[in-house]
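What follows is a single structure, written as structure tokens, with notes after it.
Protein chains: 2
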Amino acid sequence: MRRITIKDLSKFLSLSTSTISRALLNDKNVNEETRKRVLDAAEKLGYKPNLTALNLQSGQSKTIGFVVPEMITPFSSKVLKGIQNILYPLGYRIIITQSDEDPLVERKNLQLMEEFNVDAIIINLCHETQNNDIYEHIMKQGIPMIFFDRIPHKSLDVSKVIIDDYIKSSLMVEYLIKTGRKRIVHIIGPTGIQNAVERLNGYKRILLKYNIFDENLIVHTDGMTFEHGKKAIKQLLSRNIPFDSIFAFSDTLAMGAMNFLLEQKVSIPDEVSIASFSGTELSSMVYPQLTSVQQPLEKMGEAAAELALEKIKNSTFPSRTILMDAELVYRAST
Amino acid sequence: MRRITIKDLSKFLSLSTSTISRALLNDKNVNEETRKRVLDAAEKLGYKPNLTALNLQSGQSKTIGFVVPEMITPFSSKVLKGIQNILYPLGYRIIITQSDEDPLVERKNLQLMEEFNVDAIIINLCHETQNNDIYEHIMKQGIPMIFFDRIPHKSLDVSKVIIDDYIKSSLMVEYLIKTGRKRIVHIIGPTGIQNAVERLNGYKRILLKYNIFDENLIVHTDGMTFEHGKKAIKQLLSRNIPFDSIFAFSDTLAMGAMNFLLEQKVSIPDEVSIASFSGTELSSMVYPQLTSVQQPLEKMGEAAAELALEKIKNSTFPSRTILMDAELVYRAST
DNA sequence: GTGAAAGCGCTAACAC
DNA sequence: GTGTTAGCGCTTTCAC
Numbered sequence: 061m062r063r064i065t066i067k068d069l070s071k072f073l074s075l076s077t078s079t080i081s082r083a084l085l086n087d088k089n090v091n092e093e094t095r096k097r098v099l100d101a102a103e104k105l106g107y108k109p110n111l112t113a114l115n116l117q118s119g120q121s122k123t124i125g126f127v128v129p130e131m132i133t134p135f136s137s138k139v140l141k142g143i144q145n146i147l148y149p150l151g152y153r154i155i156i157t158q159s160d161e162d163p164l165v166e167r168k169n170l171q172l173m174e175e176f177n178v179d180a181i182i183i184n185l186c187h188e189t190q191n192n193d194i195y196e197h198i199m200k201q202g203i204p205m206i207f208f209d210r211i212p213h214k215s216l217d218v219s220k221v222i223i224d225d226y227i228k229s230s231l232m233v234e235y236l237i238k239t240g241r242k243r244i245v246h247i248i249g250p251t252g253i254q255n256a257v258e259r260l261n262g263y264k265r266i267l268l269k270y271n272i273f274d275e276n277l278i279v280h281t282d283g284m285t286f287e288h289g290k291k292a293i294k295q296l297l298s299r300n301i302p303f304d305s306i307f308a309f310s311d312t313l314a315m316g317a318m319n320f321l322l323e324q325k326v327s328i329p330d331e332v333s334i335a336s337f338s339g340t341e342l343s344s345m346v347y348p349q350l351t352s353v354q355q356p357l358e359k360m361g362e363a364a365a366e367l368a369l370e371k372i373k374n375s376t377f378p379s380r381t382i383l384m385d386a387e388l389v390y391r392a393s394t
Numbered sequence: 061m062r063r064i065t066i067k068d069l070s071k072f073l074s075l076s077t078s079t080i081s082r083a084l085l086n087d088k089n090v091n092e093e094t095r096k097r098v099l100d101a102a103e104k105l106g107y108k109p110n111l112t113a114l115n116l117q118s119g120q121s122k123t124i125g126f127v128v129p130e131m132i133t134p135f136s137s138k139v140l141k142g143i144q145n146i147l148y149p150l151g152y153r154i155i156i157t158q159s160d161e162d163p164l165v166e167r168k169n170l171q172l173m174e175e176f177n178v179d180a181i182i183i184n185l186c187h188e189t190q191n192n193d194i195y196e197h198i199m200k201q202g203i204p205m206i207f208f209d210r211i212p213h214k215s216l217d218v219s220k221v222i223i224d225d226y227i228k229s230s231l232m233v234e235y236l237i238k239t240g241r242k243r244i245v246h247i248i249g250p251t252g253i254q255n256a257v258e259r260l261n262g263y264k265r266i267l268l269k270y271n272i273f274d275e276n277l278i279v280h281t282d283g284m285t286f287e288h289g290k291k292a293i294k295q296l297l298s299r300n301i302p303f304d305s306i307f308a309f310s311d312t313l314a315m316g317a318m319n320f321l322l323e324q325k326v327s328i329p330d331e332v333s334i335a336s337f338s339g340t341e342l343s344s345m346v347y348p349q350l351t352s353v354q355q356p357l358e359k360m361g362e363a364a365a366e367l368a369l370e371k372i373k374n375s376t377f378p379s380r381t382i383l384m385d386a387e388l389v390y391r392a393s394t
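In the order they appear, the protein sequences are chains S and X.
Number 394 marks the last residue of the first sequence (my numbering); no jumps.
Number 394 marks the last residue of the second sequence (my numbering); no jumps.
See the structure below:
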């Protein structure tokens, strides 16, 4: 019942613990014969190395923190999968916290990460600037922080994984125009997030280019949920502002908007077409399926994990930014 | 940059490490004055206890394994949240793996958990019997296993958190009948899962009771995804079997079914009404919103965590089954 | 009330 | 090629 340790093997084989250790680690300074005996005994007695001891010795916790705004949509789960692909085989644990889009909760989560002695933190933040002080504080402790999707204000020098929100947003809006839409609503994300600004800017640029920009078509929300999407469109309708399409910051917002329109018996995409940013299965689980900018989430997770590893291995490794490509996927909603 | 240890405090204050330790642990055998000095110094130098050392010493990894079939839907995330509520404050890490509904992947995941020296495993399994040998093997190592939602065959004595699938299924089907439906399709889950059998039995019982049971209305799937739901209904339509409603094993299957029907311009709920088992936001993100048996997922996670804790504290603690209540939520799809 | 020392499981210098 | 030993950071006897 008790765990078998290297000491048990040592007694069992009348060998020193160091020889056992060496044999297990494939050190060359071990007789082939001996190694075999050790390996056999280890197998037979069911020896499993004690990671905690290893970690204590190496001074690492072999734990990575993963801090995300939410896990209600599959967005974070997909990124997580990518991170796991890279880190599990290397023996890293991943500890996850959700911030519920609240910078204060994010703060607490980051403190938790510090207590857990994580070797690095991979984070999708809630607010561009509000927690900059802790990000800096944590990095000063020697804990690398890797940002993905939503990144902090330029003033912080950190590694990050992003897509080009500005360009992708422009492309999507231009596509809507090419399908004949002129009154394109933009449901913007929380303005405390740089991506929201970038996507808004892309939207603006195109509408200005085609000379159809109208301030009234921009709808603010104070949150990112389905309900916020619904409310946004509800407001717009009540203000009697005509529109023929919607470009939403996220698929969740888009789905909320769509749901409300369908309740109002508005036909999609005939009367109103809808597009958004996504990368999850959600886009294709609704009817009609949503046209969206499909972010390569799993790949983004893998990239973030790699960035974390390079900082862990060498803390002076210069920060890098990985720009991922995202694909526009045209579905039935446009 | 280097971590402050108890030794640094010891040097700094010219006290032995044991006194420092005692002061930090609020041991009574410390002069109040001394304790104060220690606490102040700890604060000032930024001392943070090294969890790894603690764990080595206590023989625990303070890590819990969480093994789920998938993280595409928010199902597992919600349970995870509940587990975190209980375990994070206690200093436990949680390591998560997805099995992709594949018992072989689940096996590998469980082995990974063993390697990670987890103190307990909380699992939603892929197949009722196929991995019983490892479950037993793991428990024989002294690692408690807590099952939730999908549980192993009765032959295993384990702690579990479940809802009454049979009853809830019956209630939902009876509700459909009361809304005037007579040709109720059941999309069953994988038969390697006890829940699928239970829900099927509940369905059968009611249809038999009302004398409207028809074997043809039961649709098998070989998976749990959205696409499987679509395919199931496609098959049914191609076989020209008339029906006026659907009761699906899961919301994902229901959404697939609904999506296909909407594509075929079938009106919901007028021509076909739909209900399923759920507990996630998905049910209300589609149009029309899905009627479903709403499982208390976060609460289930909390319960599972409690069960894990009692087994960790006392390995001989008898296994318990917690039966949670689930609510029938009537939405627009019926 | 405080200190010295052992020990948790393992690796890595250092001997031989 | 193998053994001895120190040490990772901490708690916990055991002395005093």
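For every residue, glycine included, the Cβ atom is placed at its ideal position computed from N, Cα and C.
*Can the beta-carbon of Arg210(S) be found closer than 8 Å to that of Asn192(S)?*
no
*Along chain X, in chain order, which residues have C-beta atoms closer than 9 Å to that of Met205(S)?*
Ordered by position in chain X, no residue passes the 9 Å Cβ test against Met205(S), which lies about 16 Å from the chain.
_Neighbourhood of Ile266(S) by C-beta, 6 Å cutoff - its chain only, sequence neighbours within 5 removed_ = Ser230, Val233 and Glu234
_Chain-ordered chain X contacts of Leu69(S) [CB-CB under 7 Å]_ = Simply none; closest approach about 17 Å.
_Classification of Ser298(S) by the beta-carbon crowding that lies within 10 angstroms, buried from 16 upward_ = exposed
*Proximal residues of chain S, C-beta to C-beta of Val346(X) below 9 Å*: Met315, Asn319, Met345, Val346 and Tyr347
*Of all the CB atoms in chain X, is at least one closer than 8 Å to the CB of Leu322(S)?*
yes
*Pick out whichever of Pro129(X), Lys122(X), Asp160(X) and Leu172(X) has its Cα sitting closest to the Cα of Tyr148(X).*
Lys122(X)
*Establish whether the CB of Phe176(X) and some CB of chain S are separated by less than 8 Å.*
yes
*Does the beta carbon of Asn115(X) come closer than 8 Å to any beta carbon on chain S?*
yes
*Taking Ala317(X) and Ser393(X) to be in contact with their CB atoms under 8 Å, please state how far apart those CB atoms are, rounded to whole angstroms.*
Not really, about 10 Å apart at Cβ, beyond 8 Å.
*Where DSSP assigns a beta bridge to Met205(S), which residues make up the other side?*
Ile181(S)
*At a CB-CB cut-off below 7 Å, which residues of chain X make contact with Gln354(S)?*
Those within 7 Å of Gln354(S) in chain X number zero; the least Cβ separation is about 15 Å.
*Find out if the Cβ-Cβ distance for the pair Thr251(S), Met284(S) is shorter than 8 Å.*
no
*Note down the Cα distance separating Val346(X) from Tyr347(S), rounded to an integer number of angstroms.*
7 Å
_Which residue wins for smallest C-alpha separation from Pro109(S), given the options Asn169(X), Gly119(X), Ala101(X) and Glu366(X)?_
Gly119(X)
*Helix, strand or coil at Val128(X) according to DSSP, with G and I counted as helix*: strand
*asked:* Please identify the residue among Thr381(S), Lys141(S), Glu175(S) and Ile146(S) whose C-alpha is closest to the C-alpha of Ser159(X).
replied: Lys141(S)
*asked:* If we define contact as Cβ-Cβ less than 8 Å, is Thr112(X) a contact residue for chain S?
replied: yes
*If the cut is a Cβ gap below 8 Å, which residues of chain S does Tyr148(X) touch?*
Thr157 and Leu172
*Can at least three beta-carbon pairs, one atom from the stretch 215–224 of chain S and one from the stretch 362–371 of chain S, be found at a separation below 8 Å?*
yes
*Nearest to Tyr270(S) by CA position, among Glu175(S), Lys238(S) and Thr189(S), is which residue?*
Lys238(S)
_Please state the DSSP three-state secondary structure of Glu188(X)._
coil
*Hey, would you say Thr351(S) sits closer than 8 Å to Phe135(S), going by beta carbons?*
no
*If you run the structure through DSSP and keep just helix, strand and coil, what is Thr340(S)?*
coil
*For Ser333(X), is the classification buried or exposed, using 16 other Cβ atoms within 10 angstroms of its Cβ as the cut-off for buried?*
buried
*Between the C-alpha atoms of Ala292(S) and Ile132(S), what's the straight-line distance to the nearest angstrom?*
20 Å
*Return the first residue and the last residue of the alpha helix (DSSP H) that Ser137(X) is part of.*
Pro134 to Leu147
*Starting from Glu387(X), follow its DSSP beta bridges and name the residues at the other end.*
Gln354(X)
*asked:* Please list, in chain order, the chain S residues whose beta carbon lies closer than 8 Å to that of Arg153(X).
replied: Thr123, Arg153, Ile155 and Phe176
*asked:* Among the candidates Gly151(X), His187(X) and Leu296(X), whose CA atom is the shortest distance from the CA of Gln324(X)?
replied: Leu296(X)
*asked:* Which residue marks the beginning of the alpha helix (DSSP H) containing Val257(S), and which one marks its end?
replied: Gln254 to Lys269
*Which runs of the beta strand (DSSP E), 3 residues or longer, sit entirely within the stretch 291–348 of chain X?*
305–308 and 333–338
_Ser159(S) (DSSP reduced to helix, strand or coil)_ = coil
_Relative to the C-alpha of Val353(X), which candidate in Asp385(X), Asp87(X) and Ile198(X) has its C-alpha closest?_
Asp385(X)
_On a Cα-Cα basis, can you pick out the residue from Asn300(S), Ser310(S), Lys290(S) and Ala180(S) that is closest to Asn260(S)?_
The sequence given here places Leu at residue 260(S); Asn does not occur at that position. It is Ser310(S).
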